[in-house]
Amino acid sequence: MEAIAEQVREQTGGNFDITIFYGGQLSGSRENLDGIQLNAFEGAAICNFYHPGKNPAWMVFSLPFLPLGDPAVDQYVRSRMFEHPAIVADMEAWNAIPYMSGLLPQYEVLGKGDAPTDLADWAGLRVRAGGGLGDAMEALGATKQTLPAGETSTAFQRGAVDAAAFPYTYAHVSFGIADEADWFTSNLAPGTSECGWVLNKTAYEALPEQYQTLLMDLRGMGMDVEQAAYAEQDEKNLPVFRDTMQEIVYSEEQLQAFRDVPGQPVWDAWIAANSDAFDAQGVFDAIWEYAEEAQNQ
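Quick note, my numbering runs 49 ahead of the 1-based positions in the sequence shown.
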């Protein structure tokens with residue numbers, strides 16, 4: 050978002066300025082949509098799993114084993130999904146409009162204590178993981194915990210959490226998990242979530258048309274900057290991870306077993322639980338349709 054703010058300032062000669070606040074300065078991480086609804090600010094970053102009830106359709110992004118591993122496919126799919134009627138409707142309830150995906154990389158897990166080198170070893174572990182990813186962990190016998198990112202490091206230090214799933218690798222470093230961990234998974238790739246940007250609908254519609262167009266035209270550039278930043282962090286962080294922690298690399302047989310246990314059942318349960326509220330099957334199918342489109346381009 051910083052890159053977009055810079056471009057907006059430059060391309061409008063300083064007439065349109067976006068001021069970014071950090072670390073809950075304007076609102077708690079779980080209350081950003083409430084702040085948008087109250088017109089307390091004009092935009093916010095949200096994470097879908099902090100408030101599933103506020104954005105039920107957005108929880109599709111947290112289902113495990115979606116076809117989003119390729120960065121180019123991921124960017125295409127999320128861009129299209131941000132225009133999906135159900136995704137848009139979730140935000141309309143809060144006077145918000147989806148703006149730009151955070152393109153969270155695939156999650157991996159860092160933890161303390163004995164390394165879960167076999168799927169059975171996850172049983173009993175307390176794992177910070179949200180949404181369908183958390184459900185997948187529960188299917189392996191782990192206990193799901195949905196702490197805000199900023200609280201996880203403290204819980205880790207106090208022994209209240211055994212492991213934490215975050216976008217790999219930058220978030221583990223940003224939130225101090227890498228400083229405490231003994232081991233990390235490098236190819237589990239169980240899924241991801243959506244921590245993206247939304248805009249205050251009232252504020253956006255009050256902008257001159259050329260400013261609205263400029264904001265929308267800059268989304269592709271903003272996502273390209275995000276992808277480059279993630280790649281740069283991986284290049285720096287991975288050698289440190291391998292020097293300071295035990296790396297867990299699962300075999301293809303183990304990975305397939307993991308997908309079989311929590312994959313389809315979690316998908317089916319999510320669709321069944323939400324079908325009365327919105328077209329959950331359609332939202333789920335759209336992910337796969339857009340992924341196929343991206344792969345065929």
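In this text, a Cβ means the ideal position worked out from N, Cα and C, and glycines have one as well.
Beta-carbon contacts of ASP119 that lie in its chain and below 6 Å, excluding the five residues immediately before and after: Position 70 of the sequence shown, counted from the first residue, corresponds to residue 119. Closer than 6 Å at Cβ, skipping near neighbours: no residue.
Rounded to a whole number of angstroms, what is the C-alpha to C-alpha distance between ALA191 and TYR260? By one-based count along the sequence shown, residue 191 stands at place 142. By one-based count along the sequence shown, residue 260 stands at place 211. Their Cα atoms are separated by approximately 48 Å.
HIS100 versus GLU200 - alpha carbon distance: Mapped onto the sequence shown, residue 100 falls at position 51. Mapped onto the sequence shown, residue 200 falls at position 151. If I take the Cα positions, the gap works out to 16 Å.
Spell out the partners DSSP gives GLU296 in its beta bridges. Taking the sequence shown and counting its residues from 1, the one referred to as residue 296 is at position 247. Bridge partners of GLU296: PHE233.
So what does DSSP say about THR192, is it helix, strand or coil? The residue you call residue 192 lines up with position 143 of the sequence shown. Looking at THR192 - three-state DSSP - the assignment turns out to be strand.
Excluding the five sequence neighbours on either side, which residues of its own chain have a C-beta within less than 6 Å of the C-beta of MET140, listed in chain order? As a position in the sequence shown, residue 140 is number 91, starting the count at 1. Once the five neighbours on either side are set aside, the close Cβ partners of MET140 are ILE146, PRO147 and VAL247.
What span of residues does the alpha helix (DSSP H) with VAL109 cover, start to end? Position 60 of the sequence shown holds residue 109. First-last for VAL109: undefined, no H or E at that position.
Let me know the secondary structure DSSP gives GLU157 once reduced to three states. Within the sequence shown, residue 157 is the residue found at index 108, counting from 1. GLU157 falls in the strand class under three-state DSSP.
Relative to the C-alpha of TRP107, which candidate in LEU159, MET50, CYS244 and LEU196 has its C-alpha closest? Position 58 of the sequence shown, counted from the first residue, corresponds to residue 107. Considering only alpha carbons, the answer is CYS244.
Please return the same chain residues whose Cβ sits closer than 8 Å to the Cβ of VAL210, not counting the five positions on each side in sequence. The residue given as residue 210 occupies position 161 in the sequence shown. So the list reads ARG175, VAL176, ARG177, GLN194, LEU196, THR201 and ALA204, once near-sequence residues are dropped.
Check for me: the alpha helix (DSSP H) holding ARG308 runs from which residue to which? As a first step, residue 308 must be located in the sequence shown, where it is residue number 259. Residues 301-309.
Please classify GLN124 as buried or exposed, where buried requires at least 16 other C-beta atoms within 10 Å of its C-beta. Here residue 124 corresponds to residue number 75 of the sequence shown, with the count starting at 1. It is buried - the Cβ of GLN124 has at least 16 other Cβ atoms within 10 Å.
Bridge partners - VAL247, DSSP secondary structure assignment: In the sequence shown, counting from the first residue as 1, residue 247 sits at position 198. Paired residues: ALA93 and PRO147.
Any non-hydrogen atom of the ligand FMN within 7 Å of ILE67 CB: The ligand FMN is absent from the structure shown, which contains no ligands of any kind.
Below 8 Å between beta carbons: does that hold for ILE85 and TRP143? Within the sequence shown, the letter at position 36 stands for residue 85. Within the sequence shown, the letter at position 94 stands for residue 143. Result yes, Cβ atoms of ILE85 and TRP143 sit closer than 8 Å.
CA-CA distance, VAL332 and HIS133? Along the sequence shown, one-based indexing puts residue 332 at 283. Along the sequence shown, one-based indexing puts residue 133 at 84. Near 8 Å, if we compare the C-alpha coordinates of HIS133 and VAL332.
Keeping to the same chain, check which residues put their C-beta closer than 6 Å to that of MET186; ignore five residues upstream and five downstream. Position 137 of the sequence shown holds residue 186. For MET186, where only same-chain residues beyond five positions count, the Cβ hits under 6 Å are VAL176, ALA178 and LYS193.
Of the residues THR251, GLN56 and ALA213, which one's Cα is nearest the Cα of PHE65? One-based indexing of the sequence shown puts residue 65 at position 16. Closest by alpha carbon: GLN56.
For GLY160 and ASP231, believed in contact at Cβ under 8 Å, the rounded distance: For the purposes of this step, residue 231 is taken as the residue at position 182 of the sequence shown. For the purposes of this step, residue 160 is taken as the residue at position 111 of the sequence shown. Sure, about 7 Å apart at Cβ, within 8 Å.
Thinking just about the alpha-carbon of each residue, which of GLY225, TRP171, GLN155 and LEU168 is nearest to the one in THR241? Locating residue 241 in the sequence shown gives position 192, counting from the first residue. With distances taken between Cα atoms, THR241 lies closest to GLN155.
Which of the three DSSP states is assigned to VAL332 in this structure? As a position in the sequence shown, residue 332 is number 283, starting the count at 1. In this structure, VAL332 counts as helix in the three-state DSSP scheme.
PHE98 (DSSP reduced to helix, strand or coil): On the sequence shown, position 49 is the one that residue 98 refers to. DSSP places PHE98 in helix when its eight states are reduced to three.
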